[in-house]
Amino acid sequence: MFDPSLTTIGSWLQLADPAITEMMARAGFDWLVVDLEHTATGIDRAAEAIRIGDLAGVPMFVRLSGHDPAQIKRVLDAGARGIIAPTVRSRAEAEALVEAAFYPPRGRRGVGLSRAQGFGLTFEAYRDGAARDVVVVAQIEDADGVRNLDEILAVDGITGFFVGPYDLSGSLGRPGEFDHPEVRSALDELDRHLEPGGPMAGIHVVEPDPARLAAAVERGYRFVAFSSDMLIFSHRTAELAEAVAEVRRDAR
(Lines of atoms letter the chains of each structure in order from A and count residues from 1; the text may use other names and numbers.)
(Lines give C-alpha, C1' and ligand atoms only; values in the text may rest on other atoms or scores of the structure.)
Protein backbone atom coordinates (compact mmCIF):
# COMPACT_ATOMS: atom_id res chain seq x y z
CA MET A 1 0.00 0.00 0.00
CA PHE A 2 1.07 3.56 -0.67
CA ASP A 3 -0.08 6.35 1.65
CA PRO A 4 0.63 9.87 0.30
CA SER A 5 0.22 11.35 3.78
CA LEU A 6 3.35 9.56 5.04
CA THR A 7 7.00 10.36 4.42
CA THR A 8 8.35 7.77 2.01
CA ILE A 9 11.68 7.32 0.25
CA GLY A 10 11.98 5.62 -3.10
CA SER A 11 14.38 5.54 -6.01
CA TRP A 12 14.51 5.95 -9.77
CA LEU A 13 14.93 3.26 -12.42
CA GLN A 14 16.89 4.62 -15.37
CA LEU A 15 18.34 1.31 -16.51
CA ALA A 16 15.26 -0.78 -15.70
CA ASP A 17 17.19 -3.97 -16.36
CA PRO A 18 15.12 -6.85 -14.90
CA ALA A 19 17.87 -8.08 -12.57
CA ILE A 20 18.74 -4.57 -11.39
CA THR A 21 15.04 -3.76 -10.94
CA GLU A 22 14.67 -6.85 -8.74
CA MET A 23 17.71 -5.84 -6.68
CA MET A 24 16.32 -2.32 -6.24
CA ALA A 25 12.92 -3.74 -5.29
CA ARG A 26 14.54 -5.93 -2.63
CA ALA A 27 16.77 -3.15 -1.29
CA GLY A 28 14.18 -1.63 1.04
CA PHE A 29 12.90 1.41 -0.86
CA ASP A 30 9.28 2.36 -0.24
CA TRP A 31 8.56 2.66 -3.98
CA LEU A 32 10.29 2.85 -7.35
CA VAL A 33 9.81 5.03 -10.43
CA VAL A 34 10.37 3.79 -13.97
CA ASP A 35 11.70 6.72 -15.98
CA LEU A 36 10.40 7.02 -19.54
CA GLU A 37 11.48 10.63 -20.06
CA HIS A 38 15.27 10.67 -19.89
CA THR A 39 15.93 7.05 -20.85
CA ALA A 40 15.52 4.69 -23.78
CA THR A 41 13.14 2.52 -21.74
CA GLY A 42 10.02 1.49 -23.67
CA ILE A 43 6.58 0.33 -22.61
CA ASP A 44 7.51 -3.38 -22.65
CA ARG A 45 10.46 -2.88 -20.30
CA ALA A 46 8.36 -0.58 -18.10
CA ALA A 47 5.63 -3.22 -17.83
CA GLU A 48 8.24 -5.81 -16.87
CA ALA A 49 9.66 -3.53 -14.17
CA ILE A 50 6.16 -2.89 -12.80
CA ARG A 51 5.55 -6.63 -12.60
CA ILE A 52 8.85 -7.22 -10.78
CA GLY A 53 8.08 -4.47 -8.28
CA ASP A 54 4.58 -5.79 -7.66
CA LEU A 55 5.90 -9.27 -6.97
CA ALA A 56 8.28 -7.77 -4.41
CA GLY A 57 5.45 -5.77 -2.81
CA VAL A 58 6.88 -2.40 -3.88
CA PRO A 59 4.52 0.27 -5.29
CA MET A 60 5.59 1.21 -8.81
CA PHE A 61 5.23 4.59 -10.48
CA VAL A 62 6.08 5.76 -13.98
CA ARG A 63 7.60 9.10 -14.90
CA LEU A 64 6.03 9.74 -18.28
CA SER A 65 7.83 10.99 -21.38
CA GLY A 66 5.16 13.69 -21.78
CA HIS A 67 1.43 14.11 -21.24
CA ASP A 68 0.19 11.61 -23.82
CA PRO A 69 -3.16 10.11 -22.69
CA ALA A 70 -2.38 6.89 -24.56
CA GLN A 71 0.87 6.41 -22.63
CA ILE A 72 -0.91 7.16 -19.35
CA LYS A 73 -3.54 4.54 -20.13
CA ARG A 74 -0.95 1.92 -21.07
CA VAL A 75 1.24 2.27 -17.96
CA LEU A 76 -1.80 2.23 -15.67
CA ASP A 77 -3.18 -0.82 -17.46
CA ALA A 78 0.23 -2.43 -16.91
CA GLY A 79 -0.31 -1.98 -13.17
CA ALA A 80 1.47 1.25 -12.26
CA ARG A 81 0.28 2.70 -8.95
CA GLY A 82 0.50 6.19 -10.38
CA ILE A 83 2.17 8.60 -12.75
CA ILE A 84 4.61 11.49 -12.51
CA ALA A 85 4.06 13.91 -15.38
CA PRO A 86 7.03 16.07 -16.44
CA THR A 87 6.92 19.85 -16.77
CA VAL A 88 3.38 20.66 -15.71
CA ARG A 89 2.93 24.39 -16.22
CA SER A 90 -0.76 25.19 -15.74
CA ARG A 91 -4.09 24.23 -14.26
CA ALA A 92 -5.29 23.19 -17.72
CA GLU A 93 -2.42 20.73 -18.10
CA ALA A 94 -3.12 19.31 -14.63
CA GLU A 95 -6.81 18.88 -15.48
CA ALA A 96 -5.89 17.03 -18.68
CA LEU A 97 -3.66 14.64 -16.72
CA VAL A 98 -6.44 13.82 -14.27
CA GLU A 99 -8.85 13.32 -17.15
CA ALA A 100 -6.46 10.81 -18.74
CA ALA A 101 -5.74 8.94 -15.50
CA PHE A 102 -9.27 8.22 -14.25
CA TYR A 103 -12.17 6.21 -15.61
CA PRO A 104 -15.48 7.93 -16.41
CA PRO A 105 -17.33 9.72 -14.98
CA ARG A 106 -14.36 11.35 -13.23
CA GLY A 107 -12.12 11.22 -16.29
CA ARG A 108 -11.91 9.86 -19.81
CA ARG A 109 -9.45 7.01 -19.46
CA GLY A 110 -10.26 4.20 -21.85
CA VAL A 111 -11.65 1.07 -20.23
CA GLY A 112 -10.03 -2.21 -21.20
CA LEU A 113 -8.80 -5.48 -19.74
CA SER A 114 -5.10 -5.97 -19.10
CA ARG A 115 -2.74 -6.82 -16.25
CA ALA A 116 -4.07 -4.21 -13.82
CA GLN A 117 -7.54 -5.66 -14.25
CA GLY A 118 -6.35 -9.18 -13.43
CA PHE A 119 -6.20 -10.11 -17.10
CA GLY A 120 -9.96 -9.75 -17.25
CA LEU A 121 -10.75 -11.65 -14.05
CA THR A 122 -10.88 -8.80 -11.50
CA PHE A 123 -12.07 -5.75 -13.43
CA GLU A 124 -14.76 -4.75 -10.93
CA ALA A 125 -12.33 -4.93 -8.00
CA TYR A 126 -9.84 -2.78 -9.90
CA ARG A 127 -12.51 -0.30 -11.02
CA ASP A 128 -13.79 0.14 -7.48
CA GLY A 129 -10.36 0.13 -5.83
CA ALA A 130 -6.99 0.98 -7.36
CA ALA A 131 -8.49 2.80 -10.35
CA ARG A 132 -10.12 5.29 -7.98
CA ASP A 133 -6.88 5.89 -6.09
CA VAL A 134 -4.45 6.54 -8.94
CA VAL A 135 -1.62 8.78 -7.77
CA VAL A 136 -1.17 11.72 -10.15
CA VAL A 137 1.90 13.84 -9.50
CA ALA A 138 2.69 17.09 -11.31
CA GLN A 139 6.40 17.61 -11.84
CA ILE A 140 7.38 21.26 -11.48
CA GLU A 141 10.36 22.05 -13.67
CA ASP A 142 10.15 25.63 -14.86
CA ALA A 143 9.16 29.16 -13.84
CA ASP A 144 5.59 28.76 -15.13
CA GLY A 145 5.06 25.69 -12.98
CA VAL A 146 6.43 27.45 -9.92
CA ARG A 147 4.24 30.50 -10.53
CA ASN A 148 1.07 28.45 -11.14
CA LEU A 149 1.62 25.77 -8.48
CA ASP A 150 -1.32 26.83 -6.30
CA GLU A 151 -3.70 26.49 -9.28
CA ILE A 152 -2.17 23.15 -10.27
CA LEU A 153 -2.59 21.74 -6.76
CA ALA A 154 -6.19 22.96 -6.62
CA VAL A 155 -7.17 20.47 -9.33
CA ASP A 156 -9.17 17.57 -7.89
CA GLY A 157 -7.22 14.39 -8.58
CA ILE A 158 -3.73 15.88 -8.36
CA THR A 159 -2.07 14.09 -5.45
CA GLY A 160 0.87 16.44 -5.16
CA PHE A 161 3.88 17.92 -6.86
CA PHE A 162 7.42 16.79 -7.51
CA VAL A 163 10.45 19.03 -7.98
CA GLY A 164 12.73 18.24 -10.90
CA PRO A 165 15.83 20.18 -9.78
CA TYR A 166 17.94 19.76 -12.90
CA ASP A 167 15.24 20.77 -15.39
CA LEU A 168 14.15 23.60 -13.10
CA SER A 169 17.67 25.01 -12.97
CA GLY A 170 18.03 24.53 -16.72
CA SER A 171 14.79 26.39 -17.44
CA LEU A 172 16.26 29.35 -15.57
CA GLY A 173 19.40 29.27 -17.69
CA ARG A 174 21.50 27.83 -14.85
CA PRO A 175 21.61 24.05 -15.43
CA GLY A 176 22.92 22.30 -12.33
CA GLU A 177 23.72 25.58 -10.52
CA PHE A 178 21.51 24.91 -7.51
CA ASP A 179 23.14 27.59 -5.38
CA HIS A 180 22.61 30.35 -7.95
CA PRO A 181 20.31 33.03 -6.43
CA GLU A 182 17.66 32.67 -9.15
CA VAL A 183 17.51 28.88 -8.80
CA ARG A 184 17.59 29.14 -5.01
CA SER A 185 14.70 31.61 -5.13
CA ALA A 186 12.58 29.20 -7.19
CA LEU A 187 13.34 26.32 -4.82
CA ASP A 188 12.50 28.51 -1.83
CA GLU A 189 9.16 29.38 -3.43
CA LEU A 190 8.38 25.68 -3.78
CA ASP A 191 9.35 25.15 -0.13
CA ARG A 192 6.43 27.42 0.75
CA HIS A 193 4.13 24.47 0.03
CA LEU A 194 5.90 22.15 2.49
CA GLU A 195 3.35 22.20 5.26
CA PRO A 196 2.00 19.40 7.47
CA GLY A 197 -1.30 18.18 6.11
CA GLY A 198 -0.68 19.93 2.79
CA PRO A 199 -0.36 18.31 -0.63
CA MET A 200 2.20 15.57 -1.10
CA ALA A 201 5.48 17.29 -1.92
CA GLY A 202 8.23 15.36 -3.66
CA ILE A 203 11.74 15.97 -4.85
CA HIS A 204 14.52 14.02 -6.53
CA VAL A 205 17.75 13.92 -4.55
CA VAL A 206 19.74 13.03 -7.63
CA GLU A 207 23.22 12.43 -6.21
CA PRO A 208 23.52 9.32 -3.97
CA ASP A 209 24.37 11.44 -0.93
CA PRO A 210 22.61 10.46 2.33
CA ALA A 211 23.20 13.94 3.80
CA ARG A 212 21.25 15.55 0.95
CA LEU A 213 18.50 12.98 1.42
CA ALA A 214 18.24 13.81 5.13
CA ALA A 215 18.15 17.53 4.32
CA ALA A 216 15.25 17.08 1.88
CA VAL A 217 13.21 15.16 4.45
CA GLU A 218 14.05 17.74 7.13
CA ARG A 219 12.81 20.52 4.83
CA GLY A 220 9.43 18.78 4.71
CA TYR A 221 9.43 16.76 1.50
CA ARG A 222 7.40 13.57 1.95
CA PHE A 223 7.80 11.82 -1.42
CA VAL A 224 11.56 11.69 -1.88
CA ALA A 225 13.38 9.87 -4.67
CA PHE A 226 16.92 8.97 -3.68
CA SER A 227 19.25 8.78 -6.66
CA SER A 228 18.74 6.03 -9.28
CA ASP A 229 19.93 2.58 -10.25
CA MET A 230 22.30 4.12 -12.83
CA LEU A 231 23.82 6.71 -10.48
CA ILE A 232 24.19 4.29 -7.57
CA PHE A 233 26.00 1.89 -9.89
CA SER A 234 28.17 4.52 -11.62
CA HIS A 235 29.18 6.29 -8.40
CA ARG A 236 30.00 3.07 -6.58
CA THR A 237 31.87 1.72 -9.60
CA ALA A 238 33.96 4.90 -9.77
CA GLU A 239 34.75 4.64 -6.04
CA LEU A 240 35.83 1.01 -6.39
CA ALA A 241 37.86 1.78 -9.50
CA GLU A 242 39.75 4.45 -7.55
CA ALA A 243 40.38 1.93 -4.75
CA VAL A 244 41.68 -0.56 -7.31
CA ALA A 245 43.96 2.11 -8.78
CA GLU A 246 45.34 2.86 -5.31
CA VAL A 247 46.08 -0.83 -4.69
CA ARG A 248 47.78 -1.00 -8.08
CA ARG A 249 49.93 2.04 -7.28
CA ASP A 250 50.92 0.59 -3.89
CA ALA A 251 51.85 -2.72 -5.53
CA ARG A 252 54.45 -0.99 -7.65
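Numbering (this note's numbering), first residue to last: 333 to 584. Note that the Cβ used here is the ideal one computed from N, Cα and C, for glycine as well.
Spatial neighbours of residue i in its chain, beta-carbon cut-off 6 Å, leaving aside the 5 residues before and after
i: L545; result: V537, F558
i: P542; result: none
i: I309; result: What is shown of the chain runs 333 to 584, which leaves residue 309 out entirely.
i: A372; result: none
i: E456; result: none
i: I375; result: R406
i: E354; result: I384
i: S446; result: D409
i: I341; result: D362, V556, F558
i: R580; result: none
Residue range of the alpha helix (DSSP H) that includes residue i
i: T569; result: 561 to 583
i: V407; result: 401 to 409
i: L545; result: 542 to 551
i: A388; result: A388 -> no alpha helix (DSSP H), and no H or E assigned at all.
i: S503; result: 497 to 503
i: D476; result: 475 to 479
i: T353; result: 350 to 358
i: A432; result: 423 to 433
i: A294; result: Residue numbering for the chain in the displayed model covers 333 to 584; residue 294 lies beyond these limits and cannot be assessed.
Other residues of its chain near residue i: CB distance less than 7 Å, five sequence neighbours each side excluded
i: E521; result: V478
i: P350; result: E380, I384
i: Y553; result: L526, A533, G534, I535
i: I404; result: L396, I415, A432, A433
i: Y435; result: R441, V443, R459, A463
i: I352; result: D561
i: R377; result: A348
i: E665; result: Look at the range of the chain in this structure, 333 to 584, and you will see that residue 665 is not part of it.
i: A428; result: H399
Contact check, residue i vs residue j, beta carbons under 9 Å
i: Q471; j: G502; result: no
i: S555; j: G530; result: The residue you asked about is not Ser; residue 555 is Phe in the sequence shown. Taking 9 Å as the Cβ cut-off, F555 and G530 do not qualify as a contacting pair.
i: A410; j: L387; result: no
i: E369; j: G389; result: no
i: P401; j: W363; result: no
i: L338; j: M562; result: no
i: S422; j: D488; result: no
i: E539; j: H512; result: no
i: V515; j: F493; result: no
i: D499; j: P418; result: yes
i: F334; j: V467; result: yes
i: V394; j: V366; result: yes
i: I484; j: E578; result: no
Endpoints, beta strand (DSSP E) assigned at residue i
i: R395; result: 392 to 395
i: D367; result: 364 to 367
i: G444; result: Neither: G444 is in no beta strand (DSSP E) and is coded neither H nor E.
i: V467; result: 467 to 472
i: S343; result: 340 to 345
i: A486; result: Note, A486: premise wrong, no beta strand (DSSP E); not H, not E.
i: I490; result: Run containing I490: none; DSSP gives neither H nor E here.
i: G398; result: No beta strand (DSSP E) holds G398; DSSP gives it neither H nor E.
i: G414; result: 414 to 417
Residue-level contact to chain C via CB, residue i, 9 Å cutoff
i: Q346; result: Absent from the structure: chain C. Only one protein chain is present.
Close beta carbons around residue i, own chain, < 8 Å, minus the five adjacent residues each side
i: G439; result: V430, E431, A432, A433, G489
i: D523; result: R551, G552
i: F510; result: P497, S501, R516, L519
i: T491; result: P336, G414, V467, V468, V469, P531, M532
i: V480; result: Residue 480 is actually Asn in this sequence, not Val. Excluding sequence neighbours, N480 sits near R421, S422, R423.
Identify every run of the alpha helix (DSSP H) within the region 512 to 540, keeping only runs that are complete inside it and at least 4 residues long; order them along the chain.
513 to 523
Do the region 506 to 523 and the region 452 to 465 make contact, defined as three or more Cβ pairs closer than 8 Å?
no
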